[in-house]
Each structure stands twice: as C-alpha cells, then as structure tokens.
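Chemist:
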Amino acid sequence: MGTKGRELLGDKVDHILELLNNALADEWLAYYQYWIGAKVVVGPMKGEVQAELIEHANDELRHADMLVERILQLGGTPIINPKEWYKQTNCGYEAPSDPNVWKILDQNIKGEQCAISVYSKLLKETMQTDPVTYQIVVEILRDEEEHEEDLEGIVEDLENLTK
Ligand code: FE
Ligand code: FE
Ligand code: MG
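Residue numbering for the sequence shown follows this note's numbering, starting at 1081 and increasing by one per position.
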C-alpha cells in the first residue's frame, strides 16, 4: 500500500497493525499445533483425523501469509522472531502431550473457538475504517468457522463409532 492508502487509516493504523501481528502469532502457533498433532495422534479414525488436521494446518499457514501481506501493505513489520509468537498470541498454544484423538480434537476445537472470537473482534475494529483488512478477515473467519464445524463433525462420527 502506498502513502495515500495508509493515510486513509490515520492513527488507527498502529492499532490495526498490532492486532494483525497478534493474529499472525496465533496462526503460526495454530499451524504447528495442527501439524505436530497430525504426526502424533493415535486412536480410532486416525487416517481421517490426520488428513483433516493437515488440511487445517495448511489453511492456517495460508492465513499467516494473508496477514503478513496486509501488514507489509500497511507499512508495518510482521513478527520476524518466533520468540514473539508466545508474547503476542491471543489464543496461545496447546501442546498435544496426550496424543489421544479425543484430546487432540478437543484442543483444536478450543483453538478454533478462540480464533473465531479474535477475528470477530477484528471485523468490528475494521468495519468502519479499513475495508481491505475487513475483507481479508471475512475470508479467514469463514475458514475458521468451517474448521470448527469439521472438527465437531469428526467428534460426532467418533461418538457414533464408539457407541
Ligand atoms: Fe487460521
Ligand atoms: Fe482454523
Ligand atoms: Mg476442514
């Protein structure tokens, strides 16, 4: 984004950049949580669960990419040190120390619910002032809602399977 685009946002730009970097930290942690979860998971329907976790990991990485592109457009600096992920995250990181499929699904559902709250808040923050960021956030939020629903669907299948 050039000078004019940034000027349009006025003093809101720093606040929006901070929120975008917080979301970026979330996405990287979510990416790794899914990715490593897919490696270690054990239990019924393992293959199906792994495929879904990997698909979501790839989506989270794509979200990170979208956020960084926007941060750069706004003249900001994306997080360049992974140490910052823990400091700047909203949703944190849940290590899959228990590889049980139920536990991993539960942790990731909580993560998605947190992501949905974060992006809903970002929508409200950008609605009046920053339509371009708003559009990006709408796109990400659509994926996060789908992620939550997919994981809840798998939990339902598991419940039926083990009844
Ligand atoms: Fe995401
Ligand atoms: Fe997600
Ligand atoms: Mg999915």
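Glycine residues also receive a C-beta, built at the ideal position from the N, C-alpha and C atoms.
1) Checking 8 angstroms against the spacing of the C-beta atoms, do P1176 and G1233 come in under that value?
2) Could I get the ranges of all uninterrupted alpha helix (DSSP H) runs contained in the stretch 1094 to 1151, with 4 residues as the minimum, in chain order?
3) Do you know how far the Cα of V1120 is from the Cα of V1235?
4) Would H1095 be called buried (16 or more neighbouring beta carbons within 10 Å of its own) or exposed?
5) When you compare only the Cα positions, how much space is there between V1122 and H1143?
6) Jot down the residue ranges of each uninterrupted alpha helix (DSSP H) in the stretch 1176 to 1224, minimum 4 residues, whole runs only, in chain order.
7) Just to confirm my understanding: we take W1182, look at its own chain, exclude 5 residues before and 5 after, and list those with CB closer than 8 angstroms. What are they?
8) Around ligand 1, what residues have a beta-carbon under 7 angstroms from a heavy atom of it, in chain order?
9) Which value, in whole angstroms, describes the spacing of the CA atoms of I1189 and A1137?
10) So C1171 and D1230 are supposed to be a Cβ contact under 8 angstroms. How far apart are they, rounded?
11) Comparing C-alpha positions only, which one of Q1215, L1185, D1186 sits nearest to Y1037?
12) Just curious, the alpha helix (DSSP H) that T1242 is in, first and last residue?
13) Taking one C-beta from the stretch 1157 to 1165 and one from the stretch 1199 to 1214 each time, how about it: are there three or more such pairs within less than 8 angstroms?
14) Quick one: is G1045 buried, meaning 16 or more other Cβ sit within 10 Å of its Cβ, or exposed?
15) With DSSP collapsed to three states, give me the class of I1234.
16) Under the assumption that V1218 contacts L1154 (Cβ atoms under 8 angstroms), give the Cβ distance between them as a whole number of angstroms.
Modeler: The relevant details are as follows:
1) No, these two residues do not count as a Cβ contact at 8 angstroms.
2) Entirely contained in the stretch 1094 to 1151, not one alpha helix (DSSP H) run reaches 4 residues.
3) A direct Cα-Cα distance of roughly 18 angstroms separates V1235 from V1120.
4) That one is exposed.
5) Rounded to whole angstroms, V1122 and H1143 show a C-alpha spacing of 27 angstroms.
6) Listed in chain order, the complete alpha helix (DSSP H) runs (minimum 4 residues) inside the stretch 1176 to 1224 are 1181 to 1206.
7) For W1182, same chain residues with a beta-carbon under 8 angstroms away, outside a window of 5 residues either side, are G1123, V1235, L1238 in chain order.
8) Neighbourhood of ligand 1, defined by CB distance below 7 angstroms to any of its heavy atoms: E1107, A1110, D1139, E1140, H1143, A1195, I1220, D1223, E1224, in chain order.
9) Near 13 angstroms, if we compare the C-alpha coordinates of A1137 and I1189.
10) Between C1171 and D1230 the beta-carbon gap is near 18 angstroms, outside 8 angstroms, which marks them as no contact.
11) With the chain represented from 1081 up to 1243, any question about residue 1037 goes unanswered, as that position is not in the structure.
12) Per DSSP, T1242 belongs to no alpha helix (DSSP H) and is neither H nor E.
13) In this structure the stretch 1157 to 1165 does not lie against the stretch 1199 to 1214, because fewer than three pairs of beta carbons, one per stretch, are closer than 8 angstroms.
14) Lying before the first or after the last residue shown, residue 1045 is absent from the chain, which here runs from 1081 to 1243.
15) Here I1234 sits in helix by DSSP.
16) The beta-carbon separation of V1218 and L1154, rounded to 17 angstroms, does not stay under the 8 angstroms limit for a contact.
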